[in-house]
């Protein structure tokens, strides 16, 4: 396959970040309280993740991991806005931990995707 010819670490890290972005989008649909802006950030990150995998443009391969790190970080941290009360209910014992498990999984995957994007920003795209 010619798409994988001469590719290096950043290419594969961006692919991994795209998979993590998709997983975080799917998991976010199961979170108890959601925020529409987070869906927009996740979809934008997913679309931007896929672009440099198919369009071999030097500007895209250099800028996209940085932009996606910001988008995934904003999605991971911004999603806490609507979940603060629910987290407080669990901490005080008014609700069960099962009510925020999907949020914890989402936030974890989103932050891991952010870290993978930061790593991809420092790696070379091609050998």
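In our numbering, the protein residues as written are 692 to 818. Beta carbons are placed, not taken as given, at the ideal position from N, Cα and C, and that holds for glycine. Given the structure is predicted, the values throughout are model-derived calculations rather than measurements.
Simplified DSSP assignment, three categories, for residue i
| i | result |
| --- | --- |
| residue 795 | helix |
| residue 707 | helix |
| residue 762 | helix |
Distance between beta carbons of residue j and residue i, contact taken as under 8 Å
| i | j | result |
| --- | --- | --- |
| residue 763 | residue 712 | 7 Å |
| residue 800 | residue 718 | 6 Å |
| residue 737 | residue 716 | 6 Å |
| residue 728 | residue 769 | 7 Å |
Terminal residues of the alpha helix (DSSP H) in which residue i lies
| i | result |
| --- | --- |
| residue 774 | 771 to 783 |
Point to revise | Length at least 4, wholly inside the region 711 to 758: the alpha helix (DSSP H) runs in chain order | key: Secondary structure in the region 711 to 758: the alpha helix (DSSP H) runs of 4 residues or longer, each lying completely within the stretch, are 727 to 745 in chain order.
Review point. Is there contact here, the region 774 to 791 with the region 723 to 741, by at least three beta-carbon pairs under 8 Å?
Key: Three or more pairs of CB atoms, one per stretch, sit closer than 8 Å, so the region 774 to 791 contacts the region 723 to 741.
Check your understanding: Are there three or more Cβ pairs, one per stretch, closer than 8 Å when the region 798 to 811 is compared with the region 699 to 710?
Key -> Counting C-beta pairs with one atom in each stretch, the region 798 to 811 and the region 699 to 710 have three or more that are closer than 8 Å, which means they touch.
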